[in-house]
Amino acid sequence: MATLQEVADELPNGLHDAQIVSCALDFAARAVAFELAVWLGDEAEPERYRRAHLKVTGLVFCAFDPPDPRYPFADAKPLVVDLCDADPAVPANAVLPENAFSARFWVANWNSFIHLAATHAELTWASPIPGDSSLGL
15 MATLQEVADE LPNGLHDAQI VSCALDFAAR AVAFELAVWL GDEAEPERYR RAHLKVTGLV
75 FCAFDPPDPR YPFADAKPLV VDLCDADPAV PANAVLPENA FSARFWVANW NSFIHLAATH
135 AELTWASPIP GDSSLGL
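Numbering-wise, the sequence shown is residues 15 to 151 according to my numbering.
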């Protein structure tokens, strides 16, 4: 069972500047699935991204902070995020099941966070499609 941090640790740039395209919450299955582009850039190809699916299961909670009204949050584009440690001020973090992890994504487009806690995270690569842009979207 992997945590979000363990998933990020397997990537060259972690989940830094990942771009979330969509999010699907399944309350009955206690899961959330993110479609995203993961930044794999290096010196040779600094803007290289690859499409992936991030599935978080054993979901305890998923909470979206409202966007900062001073930011252009209504723009129709992927959310640029960075993985962060959990916020100890979120009350639900104090009563997590023993095998759960908690984390949050800072959303640059909104200047706010997506908080979540679960028991397992898994990243799988999406099949490349000929003609994809550098984001693979």
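Beta carbons: idealized from backbone N, C-alpha and C, even for Gly.
None of the values given here were measured: they were computed from a predicted structure.
Exercise. Hey, out of Trp139, Ala131, Ala135, whose CA is closest to phenylalanine 78's CA?
Worked result: Ala131
For this session: Counting only the same chain and skipping the five closest in sequence on each side, list residues whose C-beta sits under 6 Å from that of valine 104.
Result: His129
Exercise. On the three-pair Cβ rule with 8 Å, is the region 25–34 touching the region 87–101?
Worked result: yes
Problem set entry | Supposed close pair valine 46, cysteine 76 - CB separation, criterion 8 Å | 5 Å
Exercise. For aspartate 23, does the three-state DSSP call read helix, strand or coil?
Worked result: helix
Exercise. Taking C-alpha atoms, which residue in Ala51, Ser126, Gln19 lies nearest to phenylalanine 87?
Worked result: Ser126
For this session: Give the range of the beta strand (DSSP E) segment to which tryptophan 124 is assigned.
Result: Where tryptophan 124 is concerned, there is no enclosing beta strand (DSSP E), given that its DSSP letter is neither H nor E.
Exercise. Per DSSP, what kind of secondary structure is leucine 73 in: helix, strand or coil?
Worked result: coil
For this session: State yes or no: is the C-beta of valine 52 within less than 9 Å of the C-beta of serine 116?
Result: no
For this session: Apply the 10 Å Cβ neighbour rule to asparagine 113 and answer buried if 16 or more other Cβ atoms are within range, or exposed otherwise.
Result: exposed
For this session: Give me the Cα-Cα distance between proline 80 and tryptophan 124, rounded to the nearest whole angstrom.
Result: 8 Å
Exercise. When burial is assigned at 16 or more other CB atoms within 10 Å of the CB, is alanine 135 buried or exposed?
Worked result: buried
For this session: Please look up how many angstroms separate the CB atoms of leucine 54 and arginine 65, rounded, as I've assumed it's under 8 Å.
Result: Their Cβ separation, rounded to whole angstroms, is 11 Å, which puts leucine 54 and arginine 65 out of contact at 8 Å.
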